[in-house]
Amino acid sequence: IADVRKEQVADVGKMFMYLDVSGSMDQVFDIVRKRGAILAEVVQNPQENFRWGTYNTSGEILPLPTEFVEDAFAAVLFGKVADGGTDAFVLYPEAREFRADIDVHISDGGTNVGDLGEKIRRFHEQNPDLTKPKVCLIVQVQGQEVSNALQRGYEENGIPVSVMNPNALIES
340 IADVRKEQVA DVGKMFMYLD VSGSMDQVFD IVRKRGAILA EVVQNPQENF RWGTYNTSGE
400 ILPLPTEFVE DAFAAVLFGK VADGGTDAFV LYPEAREFRA DIDVHISDGG TNVGDLGEKI
460 RRFHEQNPDL TKPKVCLIVQ VQGQEVSNAL QRGYEENGIP VSVMNPNALI ES
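Right under this line is the structure:
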């Protein structure tokens, strides 16, 4: 299935997947355990072209799964808990250093630690050699509330955004 999906989607380039693990986001773990591999499957050579991390008020780069299958994603996430605030920018510099073409956020769309659009703008003014992502995909999870702050922050910087329901990520 993974080979078919890669063939159908073509080469999306490098992907950085951000997991919002703020206090209201317990369901992110379940979604990523079940569907993270589906997202990673569209990346050619994921050992080289896929990175991921969690964020709340701080960020953590996660090790790559041993395989890009459901059980391996679950193993990396074992013992992780959702708590804290939401700083959707905290891993953005890591994604730019990685040269990610696509940013994928699994989130309720909120960010409450400063103005995301302003943070992205300042980052690129101070780091002109690091390119913006070509696109941002938000897998919109129902948290305590649903926000469009994340979407706005990217769009204010000329980065196209697509928002999808996590139920759309299914095996085919």
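Everything in the sequence shown is counted per my numbering, starting at 340 for the first residue and increasing by one.
Even glycine gets a Cβ: it sits at the ideal position worked out from N, Cα and C.
What is the DSSP secondary structure of LEU469, counted as helix, strand or coil?
Position 130 of the sequence shown, counted from the start, is the residue given in the question as residue 469. Reduced to three states, the DSSP call for LEU469 is coil.
Whole angstroms are fine: how far does the CA of VAL474 sit from the CA of ALA439?
Walking along the sequence shown from the start, residue 439 turns up at place 100. Walking along the sequence shown from the start, residue 474 turns up at place 135. Answer to the nearest angstrom: the Cα atoms are 10 angstroms apart.
Quick one: what's got a C-beta closer than 6 angstroms to GLU494's C-beta in the same chain, skipping five residues either side?
By 1-based counting over the sequence shown, the position of residue 494 is 155. Cβ within range, chain order: VAL500.
If we count Cβ pairs, one from each stretch, closer than 8 angstroms, do we get three or more for the region 367-376 versus the region 409-427?
The region 367-376, when compared against the region 409-427, does touch it at the 8 angstroms Cβ threshold.
Please go through the same chain and pick out, in chain order, the residues whose beta-carbon is closer than 7 angstroms to the beta-carbon of VAL382, but skip the five residues on each side of it.
Start at 1 with the first residue of the sequence shown, and residue 382 comes out as number 43. Counting only Cβ-Cβ distances below 7 angstroms, and skipping sequence neighbours, we find VAL351, MET354, ASN388 and PHE389.
With DSSP run on the structure shown, which of helix, strand or coil describes GLN479?
For the purposes of this step, residue 479 is taken as residue 140 along the sequence shown, with counting starting at 1. Strand at GLN479.
Taking only runs that begin and end inside the region 420-468, name each unbroken beta strand (DSSP E) of 3 or more residues, in chain order.
441-446
Label THR405 either buried or exposed according to how many other C-beta atoms from any shown protein chain fall within 10 Å of its C-beta, with 16 as the threshold for buried.
Numbered from 1 along the sequence shown, position 66 holds the residue referred to as residue 405. With fewer than 16 other Cβ atoms within 10 Å, it is exposed.
Quick check: the Cα distance between LYS345 and ILE441, rounded to an integer number of angstroms?
Taking the first residue of the sequence shown as position 1, residue 345 is located at position 6. Taking the first residue of the sequence shown as position 1, residue 441 is located at position 102. Model confidence at LYS345 stands at a pLDDT of 42, short of 50, so the residue's coordinates are unreliable; what they give is reported in the following sentence. LYS345 and ILE441: Cα-Cα distance of roughly 15 angstroms.
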